[in-house]
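Heads up, the final residue of the sequence shown is numbered 659 in our numbering, and it's a clean run with no missing numbers.
The C-beta atom is built at its ideal place from N, Cα and C for all residues, glycine as well.
Everything on this sheet refers to the single structure shown next.
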Amino acid sequence: MHKSSAVSRKHLSAALALGSIAVLMVGLQPLLLGELLAQNRLSLEGVGLVAMGEILSLGLGVVLGDLLRSVFSLRLITVVAILAASGLDMVTANTTGDGALALTRALAGLAEGLLLWGTVSLIVQGPAPDRVAGAFMVVQTIGQALVAAVLAYWVLPIQSTSSYGFVFLGALTAASLLLVRWQPIRLANQQAQRTDDARFGWGLNHLLLLGLVFMQLSAIGGLWAYLEPLSKYVGLDAQKAQLLISGTLLMQVLGGCLGIALVRRVSDFSLLAVAALLLGGIALGMYFSADMGVRVFLVLCGAFGLVWLMLTPFQVRIALQLDRSGRIAGLVPGMQLLGCAFGPLMASQWVAGDNAEYVLLVSAVFSLIALTLVGLLRQCPAGERVSFARKVVLVVGASSGMGRMLAVRLAQEGAWVVATARRKQLLNDLQLEITLQGGKCLVSAVDALDEHAAAGLVDEIIELYGRLDVVVLNAGGAPALDMREMKAADVTGYMRSNYDVVVNYLFPALEQMSRQGQGLVVCTNSLAGFLGVTLQGPYSAAKGALRLLIDTCRIEFGGRGIRFLSLYPGFVATAQTANDGMPAPLEISEAAAVEHMLFAMRSQRWDYMFPWPMRWLIRLARILPKAVTLWVLRRELPVLASDGRTSGAAVAFKNTSA
Numbered sequence: 002m003h004k005s006s007a008v009s010r011k012h013l014s015a016a017l018a019l020g021s022i023a024v025l026m027v028g029l030q031p032l033l034l035g036e037l038l039a040q041n042r043l044s045l046e047g048v049g050l051v052a053m054g055e056i057l058s059l060g061l062g063v064v065l066g067d068l069l070r071s072v073f074s075l076r077l078i079t080v081v082a083i084l085a086a087s088g089l090d091m092v093t094a095n096t097t098g099d100g101a102l103a104l105t106r107a108l109a110g111l112a113e114g115l116l117l118w119g120t121v122s123l124i125v126q127g128p129a130p131d132r133v134a135g136a137f138m139v140v141q142t143i144g145q146a147l148v149a150a151v152l153a154y155w156v157l158p159i160q161s162t163s164s165y166g167f168v169f170l171g172a173l174t175a176a177s178l179l180l181v182r183w184q185p186i187r188l189a190n191q192q193a194q195r196t197d198d199a200r201f202g203w204g205l206n207h208l209l210l211l212g213l214v215f216m217q218l219s220a221i222g223g224l225w226a227y228l229e230p231l232s233k234y235v236g237l238d239a240q241k242a243q244l245l246i247s248g249t250l251l252m253q254v255l256g257g258c259l260g261i262a263l264v265r266r267v268s269d270f271s272l273l274a275v276a277a278l279l280l281g282g283i284a285l286g287m288y289f290s291a292d293m294g295v296r297v298f299l300v301l302c303g304a305f306g307l308v309w310l311m312l313t314p315f316q317v318r319i320a321l322q323l324d325r326s327g328r329i330a331g332l333v334p335g336m337q338l339l340g341c342a343f344g345p346l347m348a349s350q351w352v353a354g355d356n357a358e359y360v361l362l363v364s365a366v367f368s369l370i371a372l373t374l375v376g377l378l379r380q381c382p383a384g385e386r387v388s389f390a391r392k393v394v395l396v397v398g399a400s401s402g403m404g405r406m407l408a409v410r411l412a413q414e415g416a417w418v419v420a421t422a423r424r425k426q427l428l429n430d431l432q433l434e435i436t437l438q439g440g441k442c443l444v445s446a447v448d449a450l451d452e453h454a455a456a457g458l459v460d461e462i463i464e465l466y467g468r469l470d471v472v473v474l475n476a477g478g479a480p481a482l483d484m485r486e487m488k489a490a491d492v493t494g495y496m497r498s499n500y501d502v503v504v505n506y507l508f509p510a511l512e513q514m515s516r517q518g519q520g521l522v523v524c525t526n527s528l529a530g531f532l533g534v535t536l537q538g539p540y541s542a543a544k545g546a547l548r549l550l551i552d553t554c555r556i557e558f559g560g561r562g563i564r565f566l567s568l569y570p571g572f573v574a575t576a577q578t579a580n581d582g583m584p585a586p587l588e589i590s591e592a593a594a595v596e597h598m599l600f601a602m603r604s605q606r607w608d609y610m611f612p613w614p615m616r617w618l619i620r621l622a623r624i625l626p627k628a629v630t631l632w633v634l635r636r637e638l639p640v641l642a643s644d645g646r647t648s649g650a651a652v653a654f655k656n657t658s659a
């Protein structure tokens, strides 16, 4: 739900620009430290120490800013940070020696951290902080890529005893003083936002997640800091190696956009596991393909950049699932910075002279540790979870099947359940079961095809409870239907029984949730909604239409604080489908299906397909040539009795609700 904020778009625009300048050095380290290395002012072993020192100081600078906020104004802190960072960049341009450079860049990191603190604080206090934070990641990376290109083409080719790269960085930082006037003078008091800290308790899963973030960024940081020496080793000249850095940064932008697109659509743990495998594979690929030419190295660098920025949305998402207060999520960026510092430090211990190959093996080991931590975290019990206690939940299609079991589970959590279906006696049995368990449940036998009756039930709920928090649209289903033997009225009737029954409850619920400014709509769809399935033509058509309808609702109602979740089950063993005679490969039980439903409802997803083998089969069917998919499905089409041939097996997605 939108909240008013004293932070305006002008404030946020200036903050994003200042924050991007603050973290420029993080993305430009391979170029600028490579320049110092080429001028023999920094040793190869010292590259990791200097990189680590600056990134560590950057994190400490953020903490220092939070301590100084009550003493000095935001504008004063920002001006001092800009002048200090710019001055230290100029000092770096004429400094020689590992120790002196490490000290200078550590002090510069403190100033950059103060500048970054101001940006993060404004993002947190502003509207839609999650979206703005994601935009900040992309904006800062684009800025790093553009500055890297300018350095590679026009600045670094200048021959001099001084580092013109750091001179350029210092001048750019000083120019950011012009943006200070668009900042608020002081930050609002955030003391009220910290009241939950006393209730916070550390758990093993919190430590595992932070360790995972640390190790994944250690793997990335160790490789990134030595990317330029590695590129020269495979045959790139100095300017091409510098352009490679810029190209890798652009791949990070694509990776960030890909991460935003995939989050809530794929398993968080699965993606982090795949990312760990990819990062380890990329490092090993670079190590073993050093003699295979430049092209292989360039492809691996592109994949490396793509994976890097794709990780953050999933790391933050898991952190919010483990701790709804956001305290763990707030520590994720800090662990990322520590990892980016620790990786180069450890990698530097394996550098011998001009040979940086072994840093690739160090990166691969970090990725292996990260993969192990993903597995441990996946098995570790979750901490605080989303609860439906005292939530008003309307379950449509609750007399049997998954709808009934879901209603029982929600009532056991303390939800105030309103169950509806056509069969009154089964609803009465459900109410009795929930009541005997100490739960709260009201039932109403309503024909979901009756638009006015459905709207009337929603009105009764509002009159009784004053709100509607969750609506589960679980009605529908169909037996095996051969359209070769059906009339138009038959097709229309079955489609109405799967489409109209949802629409008749959906829009009265949306009207109320729009007034509330919040709500959750759960639509039980089917994997058959993604493609036409044998003997399920009307069912597939209705489910496909619902899939598009919910997607459009996300566009038109998403700004009103309403979340939409589409569930796509495969074969589920219910009482109605037990004796239908149809094969059900990869069938799961009702209990397992309801666990999937609750998991998706708690995890802030948009679409959730289950079980996973069926999910990937459907995805495969959608990317295969149409002729191949149709050939496979036609093999399961029964032969009509009039054809005089033996009928084959029929495959159909089962009715999973009542």
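Same chain, Cβ closer than 6 Å to residue i, five either side skipped, listed in chain order
i, result
"residue 252", "303, 306, 307"
"residue 10", "none"
"residue 567", "524, 526, 551, 608"
"residue 219", "340, 343, 344, 367"
"residue 563", "514, 520"
"residue 52", "30, 226, 345"
"residue 425", "446"
Distance, residue j Cα to residue i Cα
i, j, result
"residue 442", "residue 390", "13 Å"
"residue 462", "residue 534", "37 Å"
"residue 393", "residue 520", "10 Å"
"residue 345", "residue 84", "28 Å"
"residue 504", "residue 140", "40 Å"
"residue 64", "residue 447", "58 Å"
"residue 27", "residue 33", "10 Å"
"residue 262", "residue 58", "33 Å"
"residue 399", "residue 600", "19 Å"
"residue 181", "residue 209", "39 Å"
"residue 565", "residue 513", "15 Å"
"residue 464", "residue 436", "22 Å"
"residue 335", "residue 545", "43 Å"
"residue 1", "residue 475", "Residue 1 lies beyond the stretch modelled for the chain, which goes from 2 to 659, so this question has no answer here."
"residue 96", "residue 173", "19 Å"
"residue 246", "residue 31", "7 Å"
"residue 204", "residue 458", "43 Å"
"residue 309", "residue 277", "10 Å"
"residue 401", "residue 444", "13 Å"
"residue 249", "residue 29", "11 Å"
"residue 574", "residue 587", "10 Å"
"residue 593", "residue 379", "18 Å"
"residue 569", "residue 264", "17 Å"
"residue 214", "residue 313", "9 Å"
Under 7 Å between C-beta atoms of residue i and residue j
i, j, result
"residue 82", "residue 112", "yes"
"residue 342", "residue 329", "no"
"residue 409", "residue 506", "no"
"residue 89", "residue 78", "no"
"residue 528", "residue 403", "no"
"residue 160", "residue 25", "no"
"residue 419", "residue 411", "no"
"residue 555", "residue 387", "no"
"residue 532", "residue 483", "no"
Beta-carbon proximity list for residue i, same chain, < 7 Å, skipping 5 on both sides
i, result
"residue 242", "229, 232, 233"
"residue 61", "111, 114"
"residue 434", "409"
"residue 548", "526, 530, 567"
"residue 620", "none"
"residue 43", "34, 37, 51, 99, 102"
Expected contact under 8 Å - CB spacing of residue i and residue j to nearest Å
i, j, result
"residue 311", "residue 374", "Not a contact, Cβ separation roughly 18 Å."
"residue 217", "residue 12", "Residue 217 to residue 12, Cβ: 32 Å. No contact."
"residue 666", "residue 171", "Nothing in the structure corresponds to residue 666, since the chain is present only between 2 and 659."
"residue 224", "residue 360", "7 Å"
Close Cβ partners of residue i (< 8 Å) along its chain, the five nearest in sequence each way excluded
i, result
"residue 47", "99, 102, 103, 349"
"residue 414", "388, 389, 390"
"residue 372", "274, 277, 278, 281"
Exercise for the section: Could you name each continuous alpha helix (DSSP H) segment of 4 residues or more that falls completely within the region 309 to 391, going from the start of the chain to the end? Expected result: Within the region 309 to 391, the complete alpha helix (DSSP H) runs of at least 4 residues are 313 to 323, 328 to 349, 359 to 380.
Handout entry: alpha helix (DSSP H) runs wholly inside the region 495 to 581, at least 4 long, in chain order
Key = Those alpha helix (DSSP H) runs which fall completely within the region 495 to 581 and span 4+ residues are 538 to 558.
Handout entry: Start-end ranges of the beta strand (DSSP E) lying completely within the region 401 to 457, minimum 3 residues
Key = 417 to 422, 441 to 446
Practice task
Jot down the residue ranges of each uninterrupted beta strand (DSSP E) in the region 457 to 489, minimum 3 residues, whole runs only, in chain order.
Solution key: 471 to 474
Practice task
Can you check the region 228 to 277 for any alpha helix (DSSP H) of at least 4 residues that lies completely inside it and give the ranges in chain order?
Solution key: 228 to 234, 239 to 263
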